[in-house]
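Peer 1:
In the numbering used here, the protein residues as written are 309 to 869.
Written out as structure tokens, the structure reads:
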């Protein structure tokens, strides 16, 4: 056995990242962060000792050889005997002897042996990976290409066929009767007809009617080219750049799962912009390490989420079945309480970004608005995203201040010091808690009688029940704050404390709605949550938001920038 593994890479900022012995390493991050270049650097650093990487400055490998490297190479590449000496044809090197191979193996880098261990699948390589190949005299020649290996091995052919049917509904057949070439043909294969083992003319004619893989669209060629190399290739390290290219989301997700499944015995490095590939890889069950790459000038910074943390994150149904992980591909994430919040704030921001008087000079931050179903889950989502250096802005209604525990968790997850805000938080809480009207029996009786007498029907509607029920509840300062936010805080010290608190929390990324709750930005619209935001958007009120909404959303954008 001969084996090569990447053990460690170093980024241009000097940080070293350990690489698991097998599994998927996903390189994610914003555009132009250095993901694709990292794959190029990895391959070139293996091949050229003097190569100066732009994103990766060094790569460490671990080599293991139980058999001699010469014997291992002899079983994998074409061989000829010249002048009584066995010679091997190695891509990018030419004809070499066992002694030459041993000398290269003992070097620190893989050098000219790189092509035997590493397959770099960029867009061009994938598109041509399944093209027709030269036929061989297999009684003496060693196949060097996956298409040639599929000719010999029906198991490989069956695997490619199965994946093609699953992804595109098209069968794949190896054409073994095309003379000087071996082709992969797509479509339902004809029933094999033969006479004493020789194919009949009708079968050959029907087989020729099936189109070759290289005649298909880029999506099919790219997908099956990768699958072919996974099934029949013998490379131990795969570098795959943007596998989602040319594919629809369902195929991208399936391919991510296929790549992860194959990575159980290989190292697969994937540079991707696709949440579908990411989710597919996580579904594959193999070890998955996520490296989010960011760039500052000519310096690239990695943030690593190891397999254990990835599995913990993926086990949370909220994260698994939401778009939260899309944040890995954005400049920042705006985390709200509900989908209605996301829809409104993103709509207002879109309007601000396109309106004539709000033009921004330069590139605007690419923000993902997402939610986590309430305040209680916010800190855990923030922790997961910040672990891979995704900036997060949390947007919460004013009543988040009512529960100091929630505030502390969010503040700490954002990297803030809760002690800085604790005193002002207590002062605001005390002022609003003490501002409560006592519920008096006589007053309640009179008000109940008045409302009941005014009801027109014997059976109360749901709205009338809620109106009567509201009388039984003493209104507190927090009830007022839910409706009007900062304006419900008593004047004086408590009000000044609240102003300091909101400003301080905003600085660390916690933006508290100053008017109480989302719906107060357009109080002329009835309803709550989804119905309210749908009405706002239908009436195009997001295109003429009030001063409070404009200032709040601009604040979110400023914190994210």
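Glycine included, each C-beta is placed from N, C-alpha and C at the ideal position.
Grab the span of the alpha helix (DSSP H) containing residue 679 for me, first residue to last.
Peer 2: Here residue 679 belongs to no alpha helix (DSSP H); instead the beta strand (DSSP E) covers 675-679.
Peer 1: What separation, rounded to the nearest whole angstrom, lies between the Cα atoms of residue 398 and residue 421?
Peer 2: 8 Å
Peer 1: Pick helix, strand or coil for residue 335, following the three-state DSSP scheme.
Peer 2: Assignment of residue 335 by DSSP, reduced to helix, strand and coil, places it in the strand class.
Peer 1: Which runs of the alpha helix (DSSP H) at least 4 residues long sit entirely within the segment 543-614? Give them in chain order.
Peer 2: 557-570 and 583-591
Peer 1: Does the contact criterion of 3 or more C-beta pairs under 8 Å hold for the segment 726-736 versus the segment 806-820?
Peer 2: yes
Peer 1: Closer than 8 Å is the cut-off here; do at least three beta carbon pairs connect the segment 491-509 with the segment 465-478?
Peer 2: yes
Peer 1: Closest by CA to residue 850, which one among 649, 681 and 797?
Peer 2: Minimum Cα distance to residue 850 is reached at 649.
Peer 1: Just confirm the distance between the C-beta atoms of residue 696 and residue 802, as a whole number of angstroms; I'd bet it's less than 8 Å.
Peer 2: Not really, about 39 Å apart at Cβ, beyond 8 Å.
Peer 1: Rounded to a whole number of angstroms, what is the C-alpha to C-alpha distance between residue 758 and residue 764?
Peer 2: 12 Å
Peer 1: Among the candidates 381, 426, 573 and 568, whose CA atom is the shortest distance from the CA of residue 589?
Peer 2: 568
Peer 1: Residue 454: buried (16+ other C-beta within 10 angstroms of its C-beta) or exposed?
Peer 2: Residue 454 is buried by the Cβ-count criterion.
Peer 1: Residues in the same chain with beta-carbon distance under 7 Å from residue 401, minus the five sequence neighbours each way, listed in chain order, please.
Peer 2: 420
Peer 1: Ignoring anything shorter than 4 residues or poking outside the segment 485-520, list the alpha helix (DSSP H) runs there in chain order.
Peer 2: 509-517
Peer 1: For a test of the three-state rule: what should DSSP assign to residue 730, helix, strand or coil?
Peer 2: helix
Peer 1: Since residue 702 and residue 675 should fall inside the 8 Å C-beta cutoff, what is the C-beta to C-beta distance between them, to a whole number of angstroms?
Peer 2: With 8 Å as the limit, residue 702 and residue 675 do not qualify as a contact, their Cβ atoms being about 13 Å apart.
Peer 1: For a quick check, are the C-beta atoms of residue 551 and residue 585 less than 7 Å apart?
Peer 2: In this structure, residue 551 places its C-beta atom within 7 Å of the C-beta atom of residue 585.
Peer 1: Where are the beta strand (DSSP E) runs, 3 residues long or more, that stay fully inside the segment 791-844, in chain order?
Peer 2: 818-820
Peer 1: Which residue's Cα is closest to the Cα of residue 342: 606, 593, 562 and 654?
Peer 2: 606
Peer 1: Which same chain residues, not among the five before or five after residue 465, have their C-beta less than 6 Å away from its C-beta?
Peer 2: 458 and 482
Peer 1: What first and last residue would you give for the beta strand (DSSP E) that runs through residue 630?
Peer 2: Per DSSP, residue 630 belongs to no beta strand (DSSP E) and is neither H nor E.
Peer 1: Does the beta-carbon distance from residue 790 to residue 714 come in below 7 Å?
Peer 2: Taking the C-beta atoms as reference points, residue 714 is found no nearer than 7 Å to residue 790.
Peer 1: In whole angstroms, what is the alpha-carbon distance linking residue 818 and residue 719?
Peer 2: 7 Å
Peer 1: Please state whether the Cβ-Cβ distance between residue 403 and residue 377 is less than 7 Å.
Peer 2: The criterion of a C-beta distance shorter than 7 Å is not satisfied by residue 403 and residue 377.
Peer 1: Strictly by DSSP, which residues pair up with residue 364?
Peer 2: 319
Peer 1: Assuming residue 406 contacts residue 362 under a Cβ cut-off of 8 Å, what Cβ separation, rounded to an integer in Å, is found between them?
Peer 2: Wrong, their Cβ atoms sit about 36 Å apart, outside the cutoff.
Peer 1: Is the segment 324-333 touching the segment 382-398 in the sense that three or more CB pairs, one from each, lie closer than 8 Å?
Peer 2: no
Peer 1: Decide if residue 686 is buried, meaning its Cβ has at least 16 other Cβ atoms within 10 Å, or exposed.
Peer 2: buried
Peer 1: Confirm, please, whether the CB-CB distance from residue 565 to residue 533 is below 7 Å.
Peer 2: no
Peer 1: Looking only at DSSP bridge pairs, what is residue 701 linked to?
Peer 2: 642
Peer 1: So, are the CB atoms of residue 560 and residue 344 less than 7 Å apart?
Peer 2: For residue 560 and residue 344, no; Cβs fall outside 7 Å.
Peer 1: Could you check what DSSP says for residue 912 in three-state terms: helix, strand or coil?
Peer 2: Here the chain has residues from 309 to 869 only, and residue 912 is not among them.
Peer 1: Using only CA atoms, which one of 766, 735 and 860 lies nearest to residue 809?
Peer 2: 735
Peer 1: Hey, would you say residue 693 sits closer than 7 Å to residue 656, going by beta carbons?
Peer 2: no
Peer 1: Whose C-alpha, out of 543, 869 and 380, is nearest the C-alpha of residue 699?
Peer 2: 869
Peer 1: Can residue 536 and residue 682 be called in contact, C-beta distance under 7 Å?
Peer 2: no
Peer 1: Give the secondary structure of residue 369 by DSSP, where H, G and I count as helix, E and B as strand, and everything else as coil.
Peer 2: strand
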